[in-house]
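Below is one structure, written out as structure tokens; the observations come after it.
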Amino acid sequence: SPSLEDDKRDLPRGSLPAGLGSCSASMLQPDAPAQLVMGRFARYISRGAPAGSLLNGEWMRVDADLEAPPRFVKHEAPDVHMLHTGSSWRIARGADPQQGEVLAEAASTALHPSTAGTSAWKINLHGVLHPCPEFEVVCDGPNTEQEPFFMEEIGRDFFLRVQLTRKVVWFVCPTSGIVYHSAAKPGGPGRRAKPGKRYCHLCKKCFSANNFQSQHLANLHRPGRPYGLVTVRDGLDSVQLLWRSPADLASVNPATTGFRVRVSVDDGVTWQTGIEDTRTSETRAIITRLIPGVPYQFQVAGVNCAGVGPDSDPSPSLCLSAVAPPVASRVSDGLDLLSMAATNRLKDDGNGMLRPCAAETKVSRSLSEGHCPSNIEAIRHISSFDVF
């Protein structure tokens with residue numbers, strides 16, 4: 116069976132569980148001393164930072180706790196550590212990595228740095244953390260039936276967070292100790308005799324790879340359906356979308372971390388994605404520069420690390436007139452939400468029209484010409500409508 120390196124061109128960056136070369140240390144035995152690393156097949160590599168950066172290179176795992184997120188040190192620089200702080204993965208230099216110089220950080224609840232995703236990483240450039248979508252941490256190894264990965268090596272939440280397409284991962288089930296491959300069907304390179312399985316760390320067992328995404332994750336671990344979606348006029352050409360998010364289907368479910376917003380201009384016949392992920396759990400978004408006379412409908416769906424949940428019911432059709440209402444109106448459908456109730460968020464534009472304050476006007480972009488919503492941005496709040 117070929118390694119992932121043989122065909123990694125078919126995978127998006129950040130989704131490689133293996134495939135960069137030789138093997139080294141990483142798997143730990145439960146009774147190993149705290150700083151003893153047991154040798155096995157996998158190694159960890161960080162890459163994508165600017166050439167010559169201390170961030171690029173190989174890492175060694177240095178903890179013996181198989182339940183908590185792992186800790187690593189840099190092979191070439193033992194004073195550089197990679198660990199999880201409780202809210203983010205951090206690469207830091209110093210004797211105390213919690214307080215040391217932060218070289219890179221990824222805000223993520225992933226159980227492993229290789230499952231945090233490239234979009235989350237920021238690296239330190241001249242004392243300031245900047246997004247670096249090229250930077251990633253990957254796990255490398257033979258990836259064969261004879262030399263499979265342990266889930267602790269690639270991340271117990273690997274199959275929850277990484278969307279595999281044509282790639283096959285050989286792994287050991289933590290519960291049964293049986294070696295499985297992740298392909299949905301038998302056959303293929305290596306002459307796989309049976310359909311594969313994928314491990315769910317939330318359920319602590321393996322499930323059929325054929326319906327892992329479409330049934331297991333969709334029915335058990337993705338967000339439920341949002342409800343109560345309303346649209347509220349927000350000036351001459353803008354609306355606020357307001358909705359409620361259902362409680363998680365189970366206490367072990369991953370938290371909802373954002374929402375997808377879709378829009379229709381043909382009475383719900385076709386839908387286009389306007390906001391792929393708001394990246395905030397706040398249940399609202401602002402959309403600006405809507406075109407008068409065009410009938411808009413919206414849907415929202417929850418997003419978490421397991422994927423996108425079902426869409427809400429469509430909002431009532433909204434067709435803006437060329438003249439804005441003289442004052443913001445109150446909306447009450449059991450949600451007790453205000454469209455523009457806070458008077459300090461409105462100001463007179465000089466023509467007798469109430470308009471959003473500057474802090475509101477910069478949080479979203481308009482629909483492009485032809486009513487295509489591909490570049491709508493979500494509003495993101497810290498508190499009191501502060502935007503980040």
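Each step along the sequence shown adds one to the number in this note's numbering, with nothing skipped, and position 154 is 269. Glycine included, every Cβ here is placed at the ideal spot set by N, Cα and C.
Throw me the rounded Cβ distance for the residue i and residue j pair, which I believe falls under 8 angstroms.
i	j	result
residue 294	residue 287	6 angstroms
residue 312	residue 290	Contact doesn't hold; Cβ gap of about 11 angstroms is too wide.
residue 218	residue 235	Not a contact, Cβ separation roughly 15 angstroms.
residue 230	residue 272	6 angstroms
residue 356	residue 380	15 angstroms between Cβ atoms; not a contact.
residue 324	residue 254	Not really, about 19 angstroms apart at Cβ, beyond 8 angstroms.
residue 540	residue 184	A query on residue 540 cannot be resolved here, the shown segment of the chain reaching from 116 to 503 and no further.
Can the beta-carbon of residue i be found closer than 8 angstroms to that of residue j?
i	j	result
residue 368	residue 336	yes
residue 258	residue 338	no
residue 341	residue 432	no
residue 284	residue 265	no
residue 389	residue 429	no
residue 199	residue 174	no
residue 374	residue 393	yes
residue 249	residue 256	no
residue 220	residue 205	yes
residue 417	residue 385	no
Following the continuous alpha helix (DSSP H) through residue i, name the residue where it begins and the one where it ends.
i	result
residue 244	That residue, residue 244, is in no alpha helix (DSSP H); its beta strand (DSSP E) goes 243-246.
residue 268	266-269
residue 276	273-276
For residue i, which residues from the same chain have a beta carbon less than 6 angstroms from its beta carbon, with the 5 sequence-adjacent residues on both sides left out?
i	result
residue 227	270
residue 531	This structure does not reach residue 531, given that the chain is present from 116 up to 503, and the question cannot be answered.
residue 194	208
residue 247	236 and 238
residue 358	341, 343, 344, 398 and 415
residue 252	161, 228 and 229
residue 148	The predicted position of residue 148 is uncertain, since its pLDDT is 37 and thus under 50; a value taken from the coordinates is nonetheless stated next. None.
residue 296	283, 285, 307 and 311
residue 410	432 and 434
residue 187	174, 176 and 197
residue 212	196 and 198
residue 361	339
Who does residue i pair with in a DSSP beta bridge?
i	result
residue 322	313
residue 189	174
residue 195	208
residue 281	The partner list for residue 281 (beta bridge, DSSP) is empty, contrary to what the question assumes.
residue 339	In DSSP, residue 339 forms no bridge with anything.
residue 373	418
residue 298	Its beta-bridge partners do not exist; DSSP assigns none.
residue 286	264 and 295
residue 433	411
residue 378	387 and 413
residue 307	302
residue 203	222
Going along the chain, which residues of its own chain have a beta-carbon closer than 7 angstroms to the beta-carbon of residue i, five neighbours each way excluded?
i	result
residue 322	312, 313, 315 and 331
residue 222	202, 203 and 235
residue 138	Note that residue 138 scores 32 on pLDDT, short of 50, meaning its location in the model is unreliable; the coordinates nonetheless yield the value given after this. Answer for residue 138: 156, 157, 158, 256 and 257, listed in chain order.
Going by beta carbon distance, what residues of the same chain come within less than 8 angstroms of residue i, once the five residues before and after it are set aside?
i	result
residue 466	Note that residue 466 has pLDDT 44, beneath the 50 cutoff, so the model's placement of it is unreliable and no number is given.
residue 328	278 and 422
residue 171	161, 162, 163 and 164
residue 224	202, 369, 370 and 420
residue 210	194
Name the two residues that bound the continuous beta strand (DSSP E) containing residue i.
i	result
residue 172	172-176
residue 389	387-390
residue 346	342-348
residue 255	251-255
residue 237	236-240
residue 220	216-222
residue 354	354-359
residue 409	Run containing residue 409: none; DSSP gives neither H nor E here.
residue 161	158-162
residue 400	399-402
When you measure from the CB of residue i to every non-hydrogen atom of the ligand PLP, does any distance come out below 7 angstroms?
i	result
residue 168	For the structure depicted, the ligand PLP is absent and the ligand set is empty, with no information on it obtainable.
Is there a Cβ from chain D that is less than 8 angstroms from the Cβ of residue i?
i	result
residue 354	In the displayed structure, chain D is absent; only one protein chain is listed.
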